[in-house]
Amino acid sequence: MLQRTFYFGLMTYHGETYEGKHKPLITKKLFDEVQKVLEKKYNRKPQKHDFAFTGFIKCKECDSFFTAEKHKKFYPKTRGEVWYTYYRCVKKKGICSQPYLREEEVENQLRDIVSSVSLSEVWANKLLEMAEKDGEKEKEFAVGELQKLSISLSDLEKKLDRLLESYLEEITDIESYQRKKDELLQTKKVLQEKITEIKTNGSSWLEPLKEFVKEATDAAKIARAKNNCKDLAFFAKKVGSNYFLNNKRLEFLPVPPYDLLAVSASTASPTSASLQMCRGWDSNP
Ligand SMILES: [Zn+2]
């Protein structure tokens, strides 16, 4: 059902595409986005484990993934049985000297990473104010854009007419005719939707920018919150890629547009110092 073009306004009958007279339920843009999601969903491998930070962090030394496992420690006089989650390299490609580390050590570094690409509310508001002003300016340009689009649209109508003529005069065979017609009608939908979008929204960049600013302010909250490892991992994957552990230090590459916000993460951060101090914590509460 999610793959039927009918819902954005086209109809297929005996292999030929027609413009439906019905009111489309969704836009072609949304339809295309749904196709991308479907593709991802069906290519996804099933998850075996339930550890928050596995599946996206690799070992810098041997390029294997880091895996996690639970181990218990027993403190007879104080806390009794306590379970800890440890992360270690799976060493799939042979010998590797990288040490294992506690989940908290991964978590703290991820909090710093997410925090390093976040925006404060003050800056977010300033940015939004500037964006609104630019949006106003762009509205003026939109008029010219609309003109160009309507020219393209009328060119396309002419092409459709010529295609039909060449088919009726038996210059084009049925298969090429149907294929070309389908192609042209799809393009026509895209043009029509662009026109509608400009007429209703004006600038197409303004909404994504607002969304980005909102997410970047959310990042600050996610980094600060407690007991939210799954959310933290989700955000970390959103803002960065190429996560590598190298002697317990987590390295990453901020992805656009978050790279604009990333502070120099390669310099020694307070994390390494605080981790040094925390070492041995579990044996000396
Ligand atoms: Zn390794």
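Heads up: the sequence shown at position 126 corresponds to 125 in numbering that gives the first Met the number 0, and the numbers run straight through without jumps. In this text, a Cβ means the ideal position worked out from N, Cα and C, and glycines have one as well. Bear in mind the structure is a predicted one, so any value in this text is a computation, not a measurement.
Please list, in chain order, all residues of the same chain as residue i whose beta carbon is under 6 angstroms from its beta carbon, the five residues on each side excluded.
i	result
glutamate 250	Phe243
glutamate 168	none
serine 263	Here the model assigns serine 263 a pLDDT of 36, short of 50, so the residue's position is not dependable, and the following value carries that caveat. Cβ neighbours of serine 263 beyond the five flanking positions: none.
tyrosine 99	Tyr85 and Arg87
tyrosine 257	Val116 and Val238
tyrosine 17	Met10
Nearest-angstrom Cα distance between residue i and residue j?
i	j	result
tyrosine 6	glutamate 120	40 angstroms
valine 238	aspartate 230	12 angstroms
glycine 285	histidine 70	Past the edges of the chain, shown from 0 to 284, lies residue 285, and the structure says nothing about it.
glycine 54	glutamate 156	50 angstroms
glutamate 206	glutamate 60	41 angstroms
glutamate 139	leucine 29	27 angstroms
tyrosine 12	lysine 180	13 angstroms
glutamate 131	lysine 247	43 angstroms
glutamate 15	lysine 209	41 angstroms
methionine 10	lysine 40	26 angstroms
methionine 129	aspartate 217	20 angstroms
threonine 195	aspartate 49	45 angstroms
arginine 3	glutamine 34	10 angstroms
glutamine 185	aspartate 31	11 angstroms
lysine 57	arginine 178	46 angstroms
arginine 110	cysteine 95	27 angstroms
lysine 236	alanine 51	12 angstroms
asparagine 241	arginine 223	23 angstroms
glycine 134	histidine 21	34 angstroms
glutamine 97	phenylalanine 65	10 angstroms
Using a Cβ-Cβ cut-off of 7 angstroms (strictly less than) and excluding sequence neighbours within five positions of residue i, which residues of its own chain qualify?
i	result
isoleucine 221	Val113, Asn227, Asp230, Leu231 and Phe234
isoleucine 166	For clarity, residue 166 is tyrosine in the given sequence; the question names isoleucine instead. Cβ neighbours of tyrosine 166 beyond the five flanking positions: Tyr176.
lysine 27	Phe7, Lys188, Val189 and Glu192
lysine 90	Cys61 and Ser63
lysine 92	Cys61, Asp62 and Ser63
leucine 37	Leu1
List the residues that DSSP assigns as beta-bridge partners of residue i.
i	result
valine 81	Lys72
threonine 171	Answer by DSSP bridge pairing: none, since threonine 171 is not bridged.
leucine 252	Ser240
methionine 10	Tyr17
phenylalanine 65	Cys88
From which residue to which residue does the alpha helix (DSSP H) around residue i run?
i	result
arginine 161	120-167
isoleucine 56	Unbroken run through isoleucine 56 is the beta strand (DSSP E), 56-58; no alpha helix (DSSP H).
phenylalanine 211	205-223
arginine 110	102-115
Once the 5 residues before and after residue i are set aside, which same chain residues still bring their CB inside 8 angstroms of it?
i	result
glutamate 68	Thr84, Tyr85 and Arg87
leucine 183	Leu155, Lys158, Leu159 and Leu162
leucine 260	Ser115, Val116, Ser117, Leu118, Ala215 and Pro253
glycine 19	Phe5, Gly8, Leu9 and Met10
leucine 127	Lys209 and Val212
lysine 198	Leu145
With residue i as the anchor, note down where its beta strand (DSSP E) starts and where it stops.
i	result
serine 240	239-245
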